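Structure first, commentary second.
Number of protein chains: 4
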Amino acid sequence: MSNEVLKGQVGGISADQLRSYIERIEKLEEEKHEISEFVKDIFLEAKSSGYDPKIMRLILKQRKMDQDDIQEQEVMLDVYRRALGMELPDIEEAA
Amino acid sequence: MSNEVLKGQVGGISADQLRSYIERIEKLEEEKHEISEFVKDIFLEAKSSGYDPKIMRLILKQRKMDQDDIQEQEVMLDVYRRALGMELPDIEEAA
Amino acid sequence: MSNEVLKGQVGGISADQLRSYIERIEKLEEEKHEISEFVKDIFLEAKSSGYDPKIMRLILKQRKMDQDDIQEQEVMLDVYRRALGMELPDIEEAA
Amino acid sequence: MSNEVLKGQVGGISADQLRSYIERIEKLEEEKHEISEFVKDIFLEAKSSGYDPKIMRLILKQRKMDQDDIQEQEVMLDVYRRALGMELPDIEEAA
DNA sequence: AACGTTGAAATAGTTC
DNA sequence: GAACTATTTCAACGTT
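Residue numbers (the working numbering), protein chains in the order written: chain Y, 916 to 1010; chain Z, 916 to 1010; chain D, 916 to 1010; chain R, 916 to 1010.
This is the structure:
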């Protein structure tokens, strides 16, 4: 076992590589968490300026859904094309 | 009222200020989303290197937990398992 | 310890009561699973009748969103009132 | 065409049949939702009886897993932990 | 048939 | 401690 540890190999896996993956992920998750804190701060600041965070969240949700709708329209187009038996762009057409 | 509208003041709140808050939050949320994509990429890369993402997630979860909490949880799991007569996963530790 | 087991008490908890909770939940989860199977069957049946499951899912999603909207409309109306500078019932207007 | 519409036939499909499929699915989804509510209630009841819902969920998860899978997961967790030099949760088993 | 993608369900965290 | 929101997890689906 000590040999494996010396080579950075434990249980058939490379400890260094695994550690690298894990730590990179932890780093990124930490960044996400910090950003979440910023967001929280903004909500607090807005609240102390008299805005209702709950309403703000609804607005944000609404704006996000609007954007999603744009993307979903693509999907719907595709679906309707299929439903109507229209040719699909990504299907090979026999020559 | 017309004055307020001209100044961007509506119903006693500044529309501009609200817009600023909203947009700052949307910006930060976008950053969070991008980071999430990076994390996803790392998991994919790790997977293609032979690591099991599921186990990695468990590891990440444990590393986030306090060492005492981990032990307490293990103990309680053990208690509940005994109460239910479940087989206990006993792992042989090779010397 | 054997005393505790005889009394159905293990680690300070009542084994019987715990088992009851666990088994009731497992029973309900099983029912949910069976229902999911039925749903799957219906999709399959519909598909073999010539309906596109993807379209059906979109319809279901749409109908669900419509119902959600009905419940949310009160709130959203208020949101838009605020956003558009309409009079707000709960905010004190400076004299 | 007017004939088809009168018969509930549009574009070669039966509107009534589609409606039937959709409504049956919605009914089943509703049942699933109600069962989920029951489950939630049981967790609440258990909690007020002194049981930890979190531990209960872990127990439920383990009971759903195959015994072999549990052990395999434990082993792999152990391997990864060693590779990362994490402390291992060793629980003393009282005789 | 495994893979990635996607959408729903569960879980955890936060606020009131 | 109850409700709500956000995140994470899990399962189904089509695709290659």
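Glycine included, C-beta positions come from ideal geometry on N, C-alpha and C. Keep in mind it's a predicted model, so treat the numbers as computed, not measured.
Starting from residue i and walking both ways along the alpha helix (DSSP H), at which residues does that stretch end?
| i | result |
| --- | --- |
| MET980 (chain Z) | Careful: MET980 (chain Z) lies outside any alpha helix (DSSP H) and carries neither H nor E. |
| SER935 (chain R) | 930-963 |
I'd like to check one pair, residue j with residue i: are the Cβ atoms closer than 9 Å?
| i | j | result |
| --- | --- | --- |
| PHE953 (chain Z) | PRO968 (chain Z) | no |
| ILE970 (chain D) | ARG996 (chain Y) | no |
| ARG934 (chain Y) | LEU999 (chain R) | yes |
| LEU992 (chain Y) | VAL990 (chain D) | no |
| ILE937 (chain Y) | ILE950 (chain Z) | no |
| LEU975 (chain Z) | GLU946 (chain Y) | no |
| GLU987 (chain Z) | GLN982 (chain R) | no |
Looking only at its own chain, which residues have a Cβ that is under 8 Å from the Cβ of residue i, when we skip the five neighbours before and after it?
| i | result |
| --- | --- |
| ALA961 (chain Z) | PRO968 and MET971 |
| ASP1005 (chain Y) | Low per-residue confidence applies at ASP1005 (chain Y): pLDDT is 49, beneath 50, and the placement is therefore not dependable, though the value from the model is reported in the following sentence. Answer for ASP1005 (chain Y): no residue qualifies. |
| VAL994 (chain R) | none |
| MET980 (chain Z) | GLN988 |
Which same chain residues, not among the five before or five after residue i, have their C-beta less than 7 Å away from its C-beta?
| i | result |
| --- | --- |
| GLN977 (chain Z) | ILE985 |
| LYS942 (chain R) | none |
| ASP956 (chain Z) | none |
| ALA1010 (chain Y) | Only weak support is given to the placement of ALA1010 (chain Y): the predicted model assigns it a pLDDT of 33, under 50, and the value that follows is read from those uncertain coordinates. Hits under 7 Å: none found. |
Residues of chain D with CB under 8 Å from residue i, in chain order?
| i | result |
| --- | --- |
| LEU999 (chain Z) | ALA930, LEU933, ARG934 and ILE937 |
Against residue i, what residues of chain R qualify as contacts under a CB-to-CB distance less than 8 Å, listed in chain order?
| i | result |
| --- | --- |
| ILE974 (chain Z) | LEU992, TYR995, ARG996, LEU999 and MET1001 |
| ILE970 (chain Z) | GLN988, MET991, LEU992 and TYR995 |
| ASP967 (chain Z) | MET991 |
Check the Cβ of residue i against every Cβ in chain Y and list those closer than 8 Å, keeping chain order.
| i | result |
| --- | --- |
| ILE985 (chain Z) | Going along chain Y, no residue has its Cβ under 8 Å from ILE985 (chain Z), so there is no contact; the nearest lies around 16 Å. |
Along chain Z, in chain order, which residues have C-beta atoms closer than 9 Å to that of residue i?
| i | result |
| --- | --- |
| LEU943 (chain Y) | ILE950, SER951, PHE953, VAL954 and ILE957 |
Residue i versus chain Y: which residues are under 7 Å apart at the beta carbon?
| i | result |
| --- | --- |
| SER964 (chain Z) | GLN932 |
In chain order, what residues of the same chain have a beta carbon less than 6 Å from the beta carbon of residue i, not counting five sequence neighbours either side?
| i | result |
| --- | --- |
| GLU1008 (chain Y) | For GLU1008 (chain Y), the predicted structure reports a pLDDT of 40, less than 50, and the residue's modelled location is therefore unreliable. A value from the coordinates is still provided. No residues qualify anywhere along the chain. |
| GLY965 (chain D) | none |
Given 8 Å as the limit, tell me if residue i has its C-beta closer than that to any heavy atom belonging to the ligand PLP.
| i | result |
| --- | --- |
| LEU959 (chain D) | Only the bare structure without any ligand can be found here, which leaves the ligand PLP out of the picture. |
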